[in-house]
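Visitor: Just dropping this structure here.
As structure tokens, then:
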């Protein structure tokens with residue numbers, strides 16, 4: 001197979017996904033892998049051979065679905081505000097924020113294939129957002145709201161996020177986190193805003209429904 005580049009990613013994404021609405025966020029359409037596509041079941045070696053990092057952008061993870069649902073149901077959270085969708089993956093949360101009336105949304109992810117996936121998903125939903133492909137941990141571009149779906153799955157990553165989130169919160173930003181019980185979610189300093197039962201795929205998770213909480217950093 002030809003090695004993928006960001007320029008050739010569009011065809012790969014269209015060939016390996018289908019346009020569908022995540023079950024908990026039917027207002028949004030995304031190009032997602034489903035049971036008909038074996039994208040997640042391919043080995044790391046197969047993915048590396050074609051130049052593809054793990055395709056997190058091809059799935060609507062529970063934390064992102066819960067966070068997107070909350071934003072759509074509570075548009076005042078983002079309305080007329082500058083929003084960062086951190087580790088955005090498919091762009092689900094960024095799209096929800098734009099639909100809820102955000103003034104501007106930055107969709108940030110270090111996976112270069114996310115840029116193409118998000119562009120396709122933005123087009124499918126007739127909204128606009130800006131993609132940021134660099135590591136923004138530790139930076140501050142004056143965002144009013146930071147949305148982070150499903151980011152506490154790795155200890156080292158979690159340890160790098162907490163001081164950054166704390167600094168942003170200290171200067172007045174709202175930090176909202178969607179989490180389905182990942183191992184490294186902080187045990188303190190969070191306020192529960194909403195709890196959802198989010199349908200997910202057994203290919204990725206240990207259950208067909210994940211109890212997902214939207215938290216605000218206190």
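Residue numbers (my numbering): 1 to 218.
Don't be surprised by glycine CBs; every beta carbon is placed ideally from N, CA and C.
Roughly how many whole angstroms lie between the Cα atoms of residue 163 and residue 217?
Guide: In a straight line, the C-alpha of residue 163 is about 12 Å away from that of residue 217.
Visitor: Residue 9 to residue 206, Cα distance in whole Å?
Guide: Their Cα atoms are separated by approximately 30 Å.
Visitor: Buried or exposed for residue 14, going by 16 or more other Cβ atoms inside 10 Å?
Guide: Flag for residue 14 reads exposed.
Visitor: Which residues does DSSP list as the beta-bridge partners of residue 25?
Guide: DSSP lists no partner for residue 25.
Visitor: At which residue ranges does the segment 82-143 contain complete beta strand (DSSP E) runs of 3 or more residues, listed in the order of the chain?
Guide: 82-86, 104-108 and 130-132, all fully within the segment 82-143.
Visitor: On the premise that residue 127 lies in contact with residue 95, defined as a C-beta separation below 8 Å, what is that separation, rounded to the nearest angstrom?
Guide: Sure, about 6 Å apart at Cβ, within 8 Å.
Visitor: Below 8 Å on the Cβ atoms is my contact criterion, and I expect residue 23 with residue 199 to pass it. Report the Cβ-Cβ distance as a whole number of Å.
Guide: Sure, about 4 Å apart at Cβ, within 8 Å.
Visitor: Would you give the residue range spanned by the beta strand (DSSP E) that residue 149 belongs to?
Guide: 145-149 is the span of the beta strand (DSSP E), which, as asked, contains residue 149.
Visitor: Select from 153, 182 and 186 the residue whose C-alpha is nearest the C-alpha of residue 166.
Guide: Among 153, 182 and 186, the Cα nearest to that of residue 166 belongs to 186.
Visitor: What number of angstroms, rounded off, separates the C-alpha of residue 133 from the C-alpha of residue 106?
Guide: Roughly 10 Å separates the two Cα atoms.
Visitor: Considering residue 163, what are the terminal residues of the alpha helix (DSSP H) in which it resides?
Guide: From DSSP, the alpha helix (DSSP H) with residue 163 extends over 155-170.
Visitor: Only counting the same chain, and skipping five residues up and downstream in sequence, which positions put a Cβ closer than 8 Å to that of residue 161?
Guide: Taken in chain order, the residues that qualify are 137, 148, 151 and 152.
Visitor: Could you work out which residue in 75, 84, 117 and 180 is closest to residue 52 when comparing CA atoms only?
Guide: Of the candidates 75, 84, 117 and 180, the one whose C-alpha sits nearest the C-alpha of residue 52 is 117.
Visitor: Restricting to Cα atoms, I'd like to know which of 100, 70 and 57 is closest to residue 82.
Guide: The option with the nearest alpha carbon to residue 82 is 100.
Visitor: Flag this pair as yes or no: are the beta carbons of residue 213 and residue 192 separated by less than 7 Å?
Guide: In contact: residue 213 and residue 192 (Cβ atoms closer than 7 Å).
Visitor: How about residue 72 and residue 178: are their beta carbons less than 7 Å apart?
Guide: Contact flag unset, no.
Visitor: Assuming residue 64 and residue 92 are in contact, meaning their beta carbons sit under 8 Å apart, how far apart are those beta carbons, in whole angstroms?
Guide: That belief holds up - the Cβ atoms of residue 64 and residue 92 are roughly 5 Å apart, short of 8 Å.
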